[in-house]
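A.B. asks:
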Amino acid sequence: NAGVMQNPRHLVRRRGQEARLRCSPMKGHSHVYWYRQLPEEGLKFMVYLQKENIIDESGMPKERFSAEFPKEGPSILRIQQVVRGDSAAYFCASSPLPPTSGRHNEQFFGPGTRLTVL
Amino acid sequence: SQELEQSPQSLIVQEGKNLTINCTSSKTLYGLYWYKQKYGEGLIFLMMLQKGGEEKSHEKITAKLDEKKQQSSLHITASQPSHAGIYLCGADARTSGTYKYIFGTGTRLKVLA
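Read top to bottom, the protein sequences are chains A and B. Counted the way this note's numbering counts, the first sequence spans residues -7 to 110. Counted the way this note's numbering counts, the second sequence spans residues 334 to 446.
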C-alpha cells in the first residue's frame, strides 16, 4: 500500500506566478489535510477536505489560496500570484476516518512539496 | 487560540545519553501524537496517546501522557545518531465537534557521536 504521495517535491516559482501542489492520499483514505511549515517553524493547519468538499479552511489565507479534492484524482492546493512569503514546505496528510470520529485516527504524512518563490 | 508548547526548542546530547522532550497544552486534549521529522523530509509517526496516564514504548523511545491529558513527555534512552531530527507533538484539540489539529513548534535534536 503506497503512502501519501506529493508532487512535485520541489517547486520554484517567480513572484506573480501560480503554484499547484498535488497530493494523492493513501488508498482507502478519503480525508485530506494540508499544512504549511515555514522555515524554522512548526506545522500550521491550512485546510481539511473530504471528497468534493471543503470541511474546514480556517487556516487558509483568505486570498490567493484555494484547495480542492475532486471525486477523481489528487487533492490540489493552488496558490495564485505567489509572493516570497509563500516560500515554505507544504505537507499533505490523509486519514481513514474523519477527525471527529472519536477514535484513534492517525494522520499519514506525505514527503512534502518545498516551494521557493524567487 | 490554543497551542502546543514544546521544550526545549533544541537539544544537543552526547551519544548514549538520555533525554526528555516535553509538550504542554493549556487545555485537555483528545489525542496526542508524536512525530519525527528528518531535516528536509516528511513526518514519521512515532506514537499516539489517548488516555490519561497512558505510557507507550517503542524500542528506546517512551512517551507518556499525564492524567489531565494536557502534558506529554517523550523520553529517549541511550540516544544514538539515528535519533537526530525534529520531534513534533501534534494533538487533536477539537471542541464541540469541530475539527482542530495543532502542532508544537518542534524540538531539534542533535546527537554527537
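Ideal Cβ placement from N, Cα and C applies to all residues, glycine included.
1. Roughly how many whole angstroms lie between the Cα atoms of His21/A and Glu374/B?
2. Hey, quick one: how far does the beta strand (DSSP E) through Lys36/A stretch, first residue to last?
3. Of all the options Ile345/B, Phe378/B and Val444/B, which has the alpha carbon lying nearest to the alpha carbon of Ala424/B?
4. Which residues in chain A sit within 9 Å of Glu374/B, going by Cβ to Cβ distance?
5. Determine the DSSP secondary structure at His21/A, reduced to helix, strand or coil.
6. When you compare the segment 72 to 85 of chain A with the segment -5 to 8 of chain A, are there three or more beta-carbon pairs, one atom per stretch, that lie closer than 8 Å?
7. CA-CA distance, Ala(-6)/A and Phe100/A?
8. In or out: Ala11/A buried (at least 16 other Cβ within 10 Å) or exposed?
9. Just checking, does the segment 342 to 361 of chain B make contact with the segment 412 to 422 of chain B on the three C-beta pairs under 8 Å criterion?
C.D. replies: Judging by the given coordinates:
1. Position 29 of the first sequence, counting from 1, holds the residue named residue 21/A. Position 41 of the second sequence, counting from 1, holds the residue named residue 374/B. Their Cα atoms are separated by approximately 22 Å.
2. Numbered from 1 along the first sequence, position 44 holds the residue referred to as residue 36/A. Leu35 to Gln42 is the extent of the beta strand (DSSP E) around Lys36/A.
3. Position 91 of the second sequence, counted from the first residue, corresponds to residue 424/B. Nearest option by C-alpha distance: Phe378/B.
4. Taking the second sequence and counting its residues from 1, the one referred to as residue 374/B is at position 41. Chain A residues near Glu374/B: Pro103 and Gly104.
5. As a working mapping, residue 21/A is identified with position 29 in the first sequence. Three-state DSSP puts His21/A in coil, outside helix and strand.
6. Contact between the segment 72 to 85 of chain A and the segment -5 to 8 of chain A is present: three or more C-beta pairs spanning the two stretches fall below 8 Å.
7. Looking up residue -6/A in the first sequence gives position 2. Looking up residue 100/A in the first sequence gives position 108. Rounded to the nearest angstrom, the two C-alpha atoms are 11 Å apart.
8. Locating residue 11/A in the first sequence gives position 19, counting from the first residue. By the neighbour-count rule (16 or more Cβ atoms within 10 Å), Ala11/A is buried.
9. yes
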